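Report on one structure; see the data block that follows.
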Amino acid sequence: MAKIILDPGHVEGYNRGAVSGYYEGTAMYHYAYRLADKLRAAGLDVGITRTKITDNPSLTARGKQAKGADMFVSLHSNAASSASANGVTVFYSIKRNADKPHATKWCNELAGLINGGTRARGASTRKGSGNWDYYTVIQSAVAAGCPHVFLIEHGFHSNKKECTWLMQPANMEAMATLECGLICDILGVKASGGTTHAPASFGQKMVNTPDDTLNVRDAANVNGKKLGALKDRSLVEVYGLAGNGWVLIQQGSLRGWVNGKYLVEPEKTFAPYIVRVTADALNIRKGPGTNYDVAGCIRDKGSYTIIGEQDGWGRLKSGAGWISLAYTTKVGDADAKPELTRILKLTSPNMRGEDVRWAQARLNALGYNCGTPDGIFGPNTDKAVKAFQRANGLSQDGDIGPKTWAKL
Ligand SMILES: [Zn+2]
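Numbering-wise (the working numbering), the sequence shown opens with residue 953 and increments by one.
Below, the structure written as structure tokens:
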């Protein structure tokens, strides 16, 4: 497996940009984790020189981490005293001439992306007064034996327009996609574009807040901009830790920082289990009792995972609310294969339930990608079911009936 080391430059709060709130050392840290996700999805082994946003290893120590890696990339944004200075520079090592065409292509494509086209300042080397690379981080990575070493200046944060561009999450996402492709090309890795390799994470945690929701912010402190909110008791994946107790999480497409004191281990709190609904119509309520508002209604007699109990009521894993357990039967542990009580298929609105979630997790494990197992039978699940049926000699109707269920 190809290995790459990403080196987000500097440290949290270092190198203020032309726009209030931008710091190179903070922005590049977040960007490195975003890029790492994409590289891991493409099948690369990725290391990051800063595991906490407050980490600030020496330049030599950063480069040394390139030992045994196929590529080392130091991530920066540039600064100049002139506010109009703009554009992209890609540095490579004076000892790695073969990297020049890669650096040139990288520079041109990145410059083409930023603000729909900024100045390509070119592929450059910079020599110290002896025969060594001026940039210590490049010198150190080369000394560690790394074959491809780059330092990328992603535009100028001293330029208001480029700084503004660098502050938009959607732009960072596009930049990560572009750079992931460039890196895969250089290393000869076929970018899968798919998501067969799940991005690495620190594991699942459960939200445990005294309030109904927990705010997700774009920076690791209460002053960060609110990006969204997590429902209490819902599950998140942890992707990074800030030194101050804040945690980088993802839930669905929502990714950002939350205060880590409101996250707990899900298994320590409650052993989830699956129930089958026995009533034709079972109200979902916002709390454990009929005095709470109705939040929805289950009419499919499907299977659902319960992640908490109170006064004979069970809390649904989906976050939709609570149901009375008197109208359910317990059918097993959360990981066990549920009993198939209906035909699972693509319908409008989409079918939901624990049986769907189980099938999705199973299809993913078998290499038929459904995306995140969310318990909702959508078009991706339909496609995965048909591919599974084709490979297993079943009729390709996309319906999970008893035959397909038995093969899963
Ligand atoms: Zn820098």
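Don't be surprised by glycine CBs; every beta carbon is placed ideally from N, CA and C.
Predicted model only: the values in this text are computed from it and were never measured.
In DSSP terms, what residue i is bridged to
i	result
H1100	M1023
R1085	What sits at residue 1085 in the sequence shown is Asp, not Arg. K1079, per the DSSP bridge assignment.
Q1262	W1265
G1180	V1168
S1276	W1265
H1028	E1105
L1206	Q1203
E1189	Q1156, Q1202
K955	D997
Y1044	F1102
I1328	R1304
I1352	L1296
Collapsed DSSP secondary structure at residue i in the structure displayed
i	result
S1347	coil
P960	strand
C1249	strand
H1109	coil
G1197	coil
K1220	A caution first: K1220 carries a pLDDT of 49, below 50, which makes its placement in the model too unreliable to give a value.
Q1341	helix
R1294	coil
L996	coil
T1001	coil
N1302	coil
V971	coil
K1282	strand
R1228	strand
T1147	In this prediction, T1147 scores a pLDDT of 36, lower than 50, which makes its location untrustworthy; the coordinate-derived value is nonetheless stated afterwards. T1147: coil per DSSP, three-state reduction.
G1140	coil
A1072	strand
T1257	strand
N1235	strand
L1215	strand
L991	helix
Contact check, residue i vs residue j, beta carbons under 8 angstroms
i	j	result
I1275	I1236	yes
Y974	L1118	yes
G1305	Y1225	no
A1035	A970	yes
K1289	A1128	no
R1342	D1326	no
T1293	V1227	no
L1234	L1206	no
I1138	H1100	yes
E964	I1000	no
Q1156	L1187	yes
Y1086	R1073	no
L987	E1061	no
A1272	G1248	yes
A1071	N1038	According to the sequence displayed, residue 1071 carries Arg and not Ala. Going by C-beta atoms, R1071 is nearer than 8 angstroms to N1038.
Y985	G977	no
L1346	K1335	no
G995	M953	yes
L1360	A1311	yes
Member of the options whose CA lies at the smallest distance from the CA of residue i
i	options	result
I1201	A979, K1047, A1171	A1171
D997	D1326, M1023, K1289	M1023
D1163	G1197, L1296, L1215	L1215
N1160	T1280, A1339, G1273, K1213	K1213
D1263	T1257, L1277, N1038	L1277
Q1091	K1253, T1230, R1048	R1048
S1110	L1130, Y985, A1032, Q1120	A1032
G1093	K1079, V1025, M1124	Before going on, a small fix: residue 1093 reads as Ala here, not Gly. When only C-alpha atoms are compared, the closest one is V1025.
L1027	R1073, G1107, G1064, E1291	G1107
G961	S1347, F1102, K1253	F1102
V1210	T1230, K1177, N1332, P1218	K1177
N1123	G1068, C1136, W1265	G1068
E1114	L1268, G1330, L1065	L1065
P1121	W1084, G1208, Q1348	G1208
N1332	K1359, T1299, S1347, L1360	T1299
A1313	A954, G1345, I1295, W1357	W1357
A1096	M953, P1218, L1011	L1011
W1084	S1029, E1261, Y1244, Y1044	Y1044
N1243	V1229, W1265, T1230	W1265
CB-CB length for residue i against residue j, believed under 8 angstroms
i	j	result
D959	R1014	5 angstroms
V1042	I1104	5 angstroms
I1259	R1185	6 angstroms
C1136	A1018	C1136 to A1018, Cβ: 18 angstroms. No contact.
D1307	S1255	5 angstroms
I1352	L1296	4 angstroms
M1303	D1252	7 angstroms
Tell me which residues pass a beta-carbon proximity test against ligand 3: closer than 5 angstroms to any heavy atom, given in chain order. Ligand 3 is absent from the structure shown, which contains only ligand 1.
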